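Q: Sharing a structure with you now.
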Amino acid sequence: MKNHSKGNNNKNEIELLLRKALRVKQKPSQELNDSICFLHNKLISTKLKKR
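In structure tokens:
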């Protein structure tokens with residue numbers, strides 16, 4: 715059974731964005747960078763709230 719917690723979903727979104735950046739084989743766009751940073755910060759804040 716898959717874990718569908720918010721933190722896990724955010725982590726998966728970050729991984730998908732990073733894979734997309736690698737597939738393009740070029741410098742990631744500012745939009746992609748912003749998305750990765752936003753999701754990373756969201757993941758960190760979710761982890762801190764669980765403590």
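Taking my numbering, the leading residue of the sequence shown gets 715, the next gets one more, and so forth. In this text, a Cβ means the ideal position worked out from N, Cα and C, and glycines have one as well. This one's a predicted model, so the numbers in the text were calculated from it and none came from an experiment.
With DSSP collapsed to three states, give me the class of Ser-743.
A: For the purposes of this step, residue 743 is taken as residue 29 along the sequence shown, with counting starting at 1. Here Ser-743 sits in coil by DSSP.
Q: For Leu-753, does the count of other Cβ atoms within 10 angstroms reach 16, so buried, or fall short, so exposed?
A: Residue mapping note: residue 753 aligns to position 39 of the sequence shown, counting from 1. Result: buried.
Q: Tell me whether Asn-747 is buried or exposed, calling it buried when 16 or more other Cβ atoms sit within 10 Å of its Cβ.
A: As a working mapping, residue 747 is identified with position 33 in the sequence shown. The residue in question, Asn-747, is exposed, as its Cβ has fewer than 16 Cβ neighbours within 10 Å.
Q: Closer than 8 Å by C-beta to Lys-763: which residues in its own chain qualify, once you throw out the five before and the five after it? Chain order, please.
A: Locating residue 763 in the sequence shown gives position 49, where the first residue counts as 1. Here the set comprises nothing.
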